[in-house]
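Residue numbers (the working numbering): 11 to 228.
Virtual Cβ for every residue (Gly too), placed ideally from N, Cα, C.
This one's a predicted model, so the numbers in the text were calculated from it and none came from an experiment.
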Amino acid sequence: MLADKSLLEKLLEYIGKRLNHEVEGLLIGGNAMVFYGLREQTKDMDIVFFNKTDIAAITQIIKSHPLFRKSQITKEYPYKLDEELTKMGEPTVIGDNNLPRFDLFYNSVFSVEASDILEKTKRSLRFDLLKLKLIEPEDLIFLKGVSGRPVDKEDIIKLIKNLEINWESFLNFVKKKHKENNKIVWLLLGNLYDINQEEEIVPISVLEKIARLFDMKL
């Protein structure tokens, strides 16, 4: 079962109405693609929160929903990732194979600190006491480029084709993250290069500038 925009909004409203204080989070992944109008449905409902107590409360609210009462809660990624991406940002995963799945992250996702991503957001969505910032397209490309799953590569192509991408902002973020963890940026470069092998959509100049961080030429 996948969640369309209507179901997403109903589930998020369900959470927001049952919170006892305002909670802020960062909407990423398939959620963000749906709210950008670039996907009709998503399996993963990915949100980053910045308070562990909030995650615990939201987990209990989700478990009280009729759809999720029998769902399992795990602390492992439900898909295969490079080991480097699992060192920070352990998810709380709620859902089963036949349901949409909540992936709730604390502070980081794919070993990328999310607070500076949150600061750059320009769009907000409110569901009663749940306030969600919508990740900027450039940062969504970064996270999906780091992950590199087939669905993420497809989403990157959709983002570039349909939205105006500020590549200067993207590169500034890449350079910052390269100083923090160059292994993650190496994964990004490889996955963006692979995308361009199939469809030349990432500007060559962008790939070349990332490659130069590793003293490489494409």
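Short Cβ contact (9 Å threshold) for LEU140 with VAL33: yes
Of the listed residues TYR116, GLY26, VAL212, nearest to ILE170 (C-alpha basis): VAL212
Those residues which DSSP pairs with MET55 across a bridge: PHE112
Any non-hydrogen atom of the ligand ADP within 8 Å of GLU19 CB: Questions concerning the ligand ADP fall outside what the structure shown contains, since it holds no ligand whatsoever.
Cβ pair count under 8 Å reaching 3, the segment 102 to 122 against the segment 130 to 137: no
Inter-stretch contact (C-beta, 8 Å, three-pair minimum) for the segment 212 to 223 and the segment 174 to 187: yes
Close-in-space but distant-in-sequence residues of the same chain around ASN176 (CB under 6 Å, 5 per side omitted): GLU148
C-alpha distance - LYS20 paired with HIS75, whole-angstrom precision: 11 Å
Cβ-based neighbour list, LYS27, same chain, cut-off 7 Å, excluding 5 preceding and 5 following: ASP138
Outcome for PHE224 when other beta-carbon atoms lying within 10 angstroms are tallied against a minimum of 16: exposed
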